[in-house]
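Report on the structure given below.
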DNA sequence: CATAGTACCGTAAACGTTTACGGTAGCCGT
DNA sequence: ACGGCTACCGTAAACGTTTACGGTACTATG
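Residue numbers (the numbering used here), protein chains in the order written: chain A, 1 to 353; chain B, 1001 to 1353.
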């Protein structure tokens, strides 16, 4: 062991220790072909022994890449309306893929006070990430065009109107709408209410449109007064139920499109002595609470971890450095949801409905 | 405008545009004293005009600092019991402070499959962040010693047994335990159950210990069979209720220390025809659902955004470059929770209890 | 033996910043 | 007129990597 200049740092230290050049060390570490297998072995060994880890700043500076993938999300959950474990679970899946490629996932948290596009602009300007995953996609989302123009790899969780040809994955709201409507109609329901978020998130449009179509296929119309908008949280669900109960001509069934509104919805019904599954049919989205409501909520459930995996693979398939690993990744796809049968939609009407 | 070499990039481009040296540009941008106020103005102006943003890799490489603060958390909520909404709110507060100092917050997501210490080791070796916030602190948490040895600024959310002298903030579980026990005893309860997470998270020990003390102060003992362990989620709450109901000598009150278990707990009670507030007193932690349970849960609520602010300030007060901004930041402190009165603890017993 | 080819390795430039150092010009006081 | 001070600015080195390029030694081929 060379004692002479042990104060050297980084790759130079390692090179000195092995008495070879830093170029060779780098090549050995990065799996380049031009290096003897025996020396490579020695380098690898010495690297773990000395605990050498390449400095990311140096590497990034040199090759203009950071090995970081950013997952952009908004803080302040009233905006997204996802359940409490939604992102955690998705992250888990995303990370499972990234870790195979030495990529690090970081959550980019856009504060509720800042404009998402401004935030994204800053992130990009700083060259923070090699690729991006966007959530809370808006119907018209300027972020998409922004990234596309700059050739920055990205995938969105959620469709928009402006993403033609751009990679996205989305939940299968159409499938949910179709299946739920069919199910309710089959049970004799004719007057069916639906919900949607209050803001411009695209899923609202998609969901309501498909509900309308599905009803039309049965010769039914979607009454405009039965489309309830609300903040996608418990209070919103409570409000929806109050509004619904106040109607002259109440619906006999309702579809709740957000995860978190069911609890508030149930509560308002309960206060009015109206019981899901007996007095009104309710179908919602899965959340950890769904099974513990009375009665258990019939809902559509999503495999979140798998969704995360698909998101990661889709993104990587658009990145030149990784695309050969994922030749057949989904680029535009909706992610299926499975029906979890509860008792909240047990109400069956006869033909007179 | 110099057309000659517009293909230059970064600071050089800016310097060329202004016909001054890159050194001066850098000094102007970074608020150094040795620069004419007039030129500084021109530089700043040109910078926004050309949309110049300093490259982070270059800067990091030079000054060995990244301007990034990492917030480490575990994905997979079965572990921490804290979900998206908890962290989002805390992040919002943290970010409010950091943005004043051009610091970026990134969430470091340790997958549920990886050992947190290993993960942290990688993060540190890569020189990813200038400082760290640790969550899900274990009773014996090797990460603390690891960071302390390397003189890496950090603060933990949650105490441990091994953090003597290290900065931490924690929720005031003692205060909650004390207030809740006092409240219940004042209402005549003598046989009070408590819960705790199933794993080695420190809060379990702290909470139960203080409950014991608080009871002792009233001349009461904490029956060991009334300490319920569970996963910190809805299913755990359900299980606890089932176990509780199966006891020969049921408690008349219970304290739920985790946020998300109340829903499951309520459900199991409901199935058995036992109503909170009438047949058993229940006190829990605030969650978005708490108010929409029947009856509304009496719970302890936390100002999460303020907690985030405090966490950020505490961390910065330990970092040489920022400490002068936060001379009086809290270094070790518990964060108070406020009581939100519901009806779930309305049950009052007479002296015969 | 000369040449070409191969396998491996060293050298040095480059990435975009920050900053220590030195230099110039103007000004003031003697 | 001169030295010293101030205010400002330019130069160049340094941070830790990766990688194009060239070089050496050896082998194979003619």
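The beta carbon of each residue, even a glycine, is placed where N, CA and C say it ideally should be.
Original post:
Going along chain A in order, which residues have a C-beta closer than 7 Å to the C-beta of residue 1092 of chain B?
Top reply: Start at 1 with the first residue of the second chain, and residue 1092 of chain B comes out as number 92. Chain A residues near residue 1092 of chain B: 75, 76, 111 and 112.
Original post:
If you draw a straight line from the C-alpha of residue 305 of chain A to the C-alpha of residue 1249 of chain B, how long is it?
Top reply: Taking the first chain and counting its residues from 1, the one referred to as residue 305 of chain A is at position 305. Taking the second chain and counting its residues from 1, the one referred to as residue 1249 of chain B is at position 249. Residue 305 of chain A and residue 1249 of chain B: Cα-Cα distance of roughly 43 Å.
**OP:** May I ask you to list, following chain order, the residues of the region 306 to 329 of chain A that have a beta carbon less than 8 Å from some beta carbon of chain B?
**Re:** none
Original post:
Whose C-beta lies closer than 7 Å to the C-beta of residue 1142 of chain B among residues of the same chain, with five residues either side of it excluded?
Top reply: Along the second chain, read from residue 1 onward, the residue named residue 1142 of chain B stands at position 142. Excluding sequence neighbours, residue 1142 of chain B sits near 1117.
**OP:** Under the assumption that residue 1159 of chain B contacts residue 1198 of chain B (Cβ atoms under 8 Å), give the Cβ distance between them as a whole number of angstroms.
**Re:** On the second chain, residue 1159 of chain B is found 159 positions in, with the first residue counted as 1. On the second chain, residue 1198 of chain B is found 198 positions in, with the first residue counted as 1. Not quite, the Cβ-Cβ distance comes to about 19 Å (not below 8 Å), so this is no contact.
**OP:** Run the CB neighbour count on residue 1246 of chain B, radius 10 Å, all protein chains shown included, and call it buried at 16 or more, exposed below.
**Re:** Taking the second chain and counting its residues from 1, one reaches residue 1246 of chain B at position 246. Exposed is the call here.
Original post:
Under the three-state reduction of DSSP, which class applies to residue 333 of chain A: helix, strand or coil?
Top reply: The sequence position of residue 333 of chain A within the first chain is 333, counting from 1. Of the three classes helix, strand and coil, the one that applies to residue 333 of chain A here is strand, per DSSP.
**OP:** For residue 1149 of chain B, count neighbouring C-beta atoms within 10 Å of its own C-beta (all shown protein chains included) and say buried if the count is 16 or more, exposed if not.
**Re:** Mapped onto the second chain, residue 1149 of chain B falls at position 149. Per the 10 Å Cβ criterion, exposed.
Original post:
Any C-beta of chain A sitting closer than 8 Å to the C-beta of residue 1258 of chain B?
Top reply: As a first step, residue 1258 of chain B must be located in the second chain, where it is residue number 258. No, because no Cβ of chain A sits closer than 8 Å to the Cβ of residue 1258 of chain B.
**OP:** Run the CB neighbour count on residue 338 of chain A, radius 10 Å, all protein chains shown included, and call it buried at 16 or more, exposed below.
**Re:** Sequence index remark: in the first chain, residue 338 of chain A carries index 338 (1-based). Residue 338 of chain A is exposed by the Cβ-count criterion.
**OP:** Could you give the DSSP three-state label for residue 223 of chain A: helix, strand or coil?
**Re:** Taking the first chain and counting its residues from 1, one reaches residue 223 of chain A at position 223. DSSP places residue 223 of chain A in coil when its eight states are reduced to three.
Original post:
Would you call the region 314 to 327 of chain A and the region 267 to 277 of chain A in contact, with 3 or more CB pairs under 8 Å?
Top reply: no
Original post:
residue 161 of chain A: buried (16+ other C-beta within 10 angstroms of its C-beta) or exposed?
Top reply: As a first step, residue 161 of chain A must be located in the first chain, where it is residue number 161. When all chains shown are included, residue 161 of chain A counts as exposed.
Original post:
Below 8 Å between beta carbons: does that hold for residue 70 of chain A and residue 109 of chain A?
Top reply: One-based indexing of the first chain puts residue 70 of chain A at position 70. One-based indexing of the first chain puts residue 109 of chain A at position 109. No, the pair does not count as a contact, with Cβ atoms beyond the cut-off.
Original post:
From residue 288 of chain A to residue 1235 of chain B, what distance separates their C-alpha atoms?
Top reply: Taking the first chain and counting its residues from 1, one reaches residue 288 of chain A at position 288. Taking the second chain and counting its residues from 1, one reaches residue 1235 of chain B at position 235. Computed Cα separation, rounded: 9 Å.
**OP:** State the DSSP-derived secondary structure class of residue 276 of chain A, mapped to helix, strand or coil.
**Re:** Taking the first chain and counting its residues from 1, one reaches residue 276 of chain A at position 276. Three-state DSSP puts residue 276 of chain A in a strand.
**OP:** Kindly indicate if chain A contains any beta-carbon less than 8 Å away from that of residue 1285 of chain B.
**Re:** On the second chain, residue 1285 of chain B is found 285 positions in, with the first residue counted as 1. By this cut-off, residue 1285 of chain B is not an interface position.
Original post:
Using Cβ-Cβ distances below 8 Å, what residues of the region 147 to 158 of chain A are close to chain B?
Top reply: none
Subject >> Proximity test, residue 1182 of chain B beta-carbon vs the ligand PLP heavy atom, cut-off 7 Å >> reply: This structure does not include the ligand PLP; it has no bound ligands of any sort.
Subject >> Inter-residue Cα distance where the pair is residue 77 of chain A and residue 1267 of chain B >> reply: Here the question's residue 77 of chain A lines up with position 77 in the first chain. Here the question's residue 1267 of chain B lines up with position 267 in the second chain. Here residue 77 of chain A scores only 48 on pLDDT, less than 50, and its place in the model is too uncertain to base an answer on.
**OP:** Taking only runs that begin and end inside the region 1087 to 1162 of chain B, name each unbroken beta strand (DSSP E) of 3 or more residues, in chain order.
**Re:** 1104 to 1110, 1131 to 1134 and 1154 to 1157
Original post:
Between the region 1212 to 1220 of chain B and the region 1166 to 1186 of chain B, are three or more C-beta pairs nearer than 8 Å?
Top reply: yes
Subject >> Nearest residue (CA-CA) to residue 311 of chain A, options A/94, A/205 and A/286 >> reply: Indexing the first chain from 1 puts residue 311 of chain A at position 311. Per the Cα distances, A/94.
Subject >> Residue closest to residue 256 of chain A, alpha-carbon to alpha-carbon, out of A/145, A/290, A/270 and A/271 >> reply: In the first chain, counting from the first residue as 1, residue 256 of chain A sits at position 256. Comparing Cα-Cα distances from residue 256 of chain A to each of A/145, A/290, A/270 and A/271, the minimum goes to A/290.
Original post:
What does residue 55 of chain A reach in chain B if we use C-beta pairs closer than 8 Å?
Top reply: Position 55 of the first chain holds residue 55 of chain A. Simply 1061, 1126 and 1127.
**OP:** Pick out whichever of B/1284, B/1048, B/1319 and B/1033 has its Cα sitting closest to the Cα of residue 122 of chain A.
**Re:** Here residue 122 of chain A refers to the residue found at position 122 of the first chain. Out of B/1284, B/1048, B/1319 and B/1033, B/1048 has the C-alpha closest to the C-alpha of residue 122 of chain A.
**OP:** Taking residue 255 of chain A as part of the beta strand (DSSP E), name the residues at either end of that continuous run.
**Re:** On the first chain, residue 255 of chain A is found 255 positions in, with the first residue counted as 1. It spans 253 to 255 - the beta strand (DSSP E) in which residue 255 of chain A sits, taken as one unbroken run.
Subject >> Secondary structure of residue 5 of chain A, DSSP reduced to three states >> reply: Taking the first residue of the first chain as position 1, residue 5 of chain A is located at position 5. With a pLDDT of 48 at residue 5 of chain A, under the threshold of 50, the modelled position of this residue cannot be trusted; read the value that follows with caution. Three-state result, residue 5 of chain A: coil.
**OP:** Put residue 58 of chain A into one of helix, strand or coil per three-state DSSP.
**Re:** In the first chain, counting from the first residue as 1, residue 58 of chain A sits at position 58. Note: residue 58 of chain A maps to helix in three-state DSSP.
**OP:** Anything in the region 1261 to 1295 of chain B with a Cβ closer than 7 Å to a Cβ of chain A? List those residues in chain order, please.
**Re:** 1263, 1264, 1267, 1270, 1288, 1289, 1292 and 1294
Subject >> Below-8 Å beta-carbon distance, residue 241 of chain A vs any chain B residue >> reply: For the purposes of this step, residue 241 of chain A is taken as residue 241 along the first chain, with counting starting at 1. Judged by the 8 Å Cβ criterion, residue 241 of chain A is not in contact with chain B.
Subject >> Candidates A/41, A/113, A/46 and A/336: closest to residue 17 of chain A by CA position >> reply: Within the first chain, residue 17 of chain A is the residue found at index 17, counting from 1. Taking only the C-alpha atoms, the option nearest residue 17 of chain A is A/46.
Subject >> Cross-strand partners of residue 196 of chain A (DSSP beta bridge) >> reply: As a position in the first chain, residue 196 of chain A is number 196, starting the count at 1. DSSP lists A/229 as partners of residue 196 of chain A.
Original post:
Quick one: is residue 50 of chain A buried, meaning 16 or more other Cβ sit within 10 Å of its Cβ, or exposed?
Top reply: Looking up residue 50 of chain A in the first chain gives position 50. Answer is exposed; the Cβ neighbour count stays below 16.
Original post:
Going by the beta-carbon positions, is the gap between residue 1313 of chain B and residue 1090 of chain B smaller than 8 Å?
Top reply: Counting from one through the second chain, the residue named residue 1313 of chain B turns up at place 313. Counting from one through the second chain, the residue named residue 1090 of chain B turns up at place 90. No, Cβ-Cβ distance for residue 1313 of chain B and residue 1090 of chain B is not below 8 Å.
Original post:
residue 1362 of chain B CB to nearest chain A CB: under 8 Å?
Top reply: Any answer about residue 1362 of chain B is impossible in this case: the structure gives chain B only from 1001 up to 1353.
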